[in-house]
Amino acid sequence: MTLTKADIVARVYSEGMLTKAEAADAVERSLDLVKEALANEEEVLVSGFGKWSVRRKAARRGRNPQTGDPLTLPPRKVVTFRPSRVLKAKVQNAPSESPEQARPAAAPAQPQGSAPAENGEAGGGVIRRGYF
Amino acid sequence: MNKSQLIEALAKAENLTIKKAEMVVNTMFGSVEEALVKGDRVEIRGFGSFKVKDYDGYQGRNPKTGEIIDVGQKKLPFFKVGKELKERVDQE
Chain A
2 MTLTKADIVA
12 RVYSEGMLTK
22 AEAADAVERS
32 LDLVKEALAN
42 EEEVLVSGFG
52 KWSVRRKAAR
62 RGRNPQTGDP
72 LTLPPRKVVT
82 FRPSRVLKAK
92 VQNAPSESPE
102 QARPAAAPAQ
112 PQGSAPAENG
122 EAGGGVIRRG
132 YF
Chain B
918 MNKSQLIEAL
928 AKAENLTIKK
938 AEMVVNTMFG
948 SVEEALVKGD
958 RVEIRGFGSF
968 KVKDYDGYQG
978 RNPKTGEIID
988 VGQKKLPFFK
998 VGKELKERVD
1008 QE
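Chains as they are written, first to last, in my numbering: chain A, 2 to 133; chain B, 918 to 1009.
Next up, the structure:
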């Protein structure tokens, strides 16, 4: 199942605070505001969810993969998303279809109700600190 | 821009109360999160799509101590930038 914008609008409408048209406009506007901020190279931080930022990429020499001709790729700006630790932990610890997806035996079972631990900490793996 | 600034900007732009704007923003990110936790994809035209990527386990090293450790399989949320947003950001 894929969640689409229409599904999100339906969810917003089902909260019972807005008309369908208002819900649709508000969702569209929210996305526009995020896009506008990123177009202005502003970071967008939604705590507990993640952070979008714009990175400038330098010009580089590349090749036309079809002909092999060298060409210079111009500098560009790209949007990147970093999920928050909280979101990463929720996705990681979600029950999955195959039990083999579970973490190796070395990882202690996540205690219920406690703050979600960073993956690496729980599994004794490489510790990578999130931003928030 | 953070979430409360987004909520304020939305309230102003759509002439909504802060409470309503807050509900919209929270419901929006909440439903994306819920879908990802279920392992579902999210597709928002013009903005981007989210999905959960599966990564195999590998042997890594603690960069501080050099100790070899097994990094288990992991699932991480992944965002792919949509065409419109990609082009818009690169233009301005």
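Using N, Cα and C, we set each Cβ at its ideal position, and we do this for glycine too.
Using a CB distance below 9 Å, the part of the segment 26–47 of chain A facing chain B consists of D26, A27, V28, R30, S31, L32, D33, L34, V35, K36, E37, A38, L39, A40, N41, E42, E43, E44, V45, L46, V47, ordered along the chain. At least 8 Å separates the beta-carbon of A:G63 from that of A:P84.
Assigned with DSSP and collapsed to three states, A:G63 falls in strand. When Cβ-Cβ separations below 8 Å define contact, A:T20 makes no contact with chain B. DSSP places A:R12 in the helix class (H, G or I) of the three-state scheme. By the Cβ rule, the segment 67–84 of chain A does not count as touching the segment 968–981 of chain B, because fewer than three pairs are nearer than 8 Å. In the three-state DSSP reduction, B:G977 falls in the strand class (E or B).
B:N979 and B:V988 have their alpha carbons spaced roughly 10 Å apart.
In the DSSP annotation of this structure, B:E984 is not part of any alpha helix (DSSP H), being labelled neither H nor E. Chain-ordered listing is empty here: chain A has no CB closer than 7 Å to the CB of B:G983, the nearest sitting near 12 Å. For B:F996, the enclosing beta strand (DSSP E) stretches over residues 991–998. The contact set of A:L88 on chain B, defined by CB atoms closer than 8 Å, consists of E950, L953, P994 in chain order. Counting along the chain, A:T20 sits inside no alpha helix (DSSP H), nor does DSSP assign it H or E at all. At least one beta carbon of chain A lies nearer than 8 Å to the beta carbon of B:E960. Selection A:L19, A:A38, A:G49 evaluated against B:V1006 yields A:A38 as nearest (Cα-Cα).
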